[in-house]
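These notes are about the structure you will find just below.
In this note's numbering, the protein residues as written are 3 to 126.
Structure, rendered in structure tokens:
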């Protein structure tokens, strides 16, 4: 006889990365820095999934993700236009950093399944 006591096969791991819907949207936003088009897929999913929120914490994430996309879009348009007078380059950099920070914060809160503290904010 051995002292080995295996855990039941039905026990799920308590840690790991949860690919919930708000996380998927933010990962698509981050991937758009490489692909250029996944941000559009992310915003479409955010609008579609917003009406199907399964938990109360998800509602704030959808609003936050939608604002993040429009912040990114307006920042890129304004920054691109203003590159003619060279002020656009710092604007593009600042908007990119802000969007990355917003996505990472949203992913972290989505992994903990807690709502975003201020989803109506245009900043962090």
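For each residue, glycine too, the CB sits at the ideal point set by N, CA and C.
The structure displayed is predicted, hence computed values, not measured ones.
If you draw a straight line from the C-alpha of residue i to the C-alpha of residue j, how long is it?
i: residue 67; j: residue 81; result: 21 angstroms
i: residue 96; j: residue 56; result: 34 angstroms
i: residue 42; j: residue 18; result: 27 angstroms
i: residue 105; j: residue 29; result: 8 angstroms
i: residue 124; j: residue 48; result: 17 angstroms
i: residue 36; j: residue 45; result: 17 angstroms
i: residue 59; j: residue 122; result: 14 angstroms
i: residue 83; j: residue 90; result: 7 angstroms
i: residue 76; j: residue 117; result: 25 angstroms
i: residue 107; j: residue 88; result: 30 angstroms
i: residue 64; j: residue 50; result: 10 angstroms
i: residue 98; j: residue 20; result: 25 angstroms
Evaluate residue i with the Cβ neighbour count: other Cβ atoms within 10 Å of its Cβ, from every protein chain shown; 16 or more gives buried, anything less gives exposed.
i: residue 92; result: exposed
i: residue 25; result: buried
i: residue 54; result: exposed
i: residue 120; result: exposed
i: residue 70; result: buried
i: residue 101; result: buried
i: residue 86; result: exposed
### Query
Would the segment 100 to 112 and the segment 20 to 38 be scored as touching if the rule is three or more Cβ pairs under 8 angstroms?
yes
### Minimum length 4: unbroken alpha helix (DSSP H) runs contained in the segment 43 to 104
58 to 83
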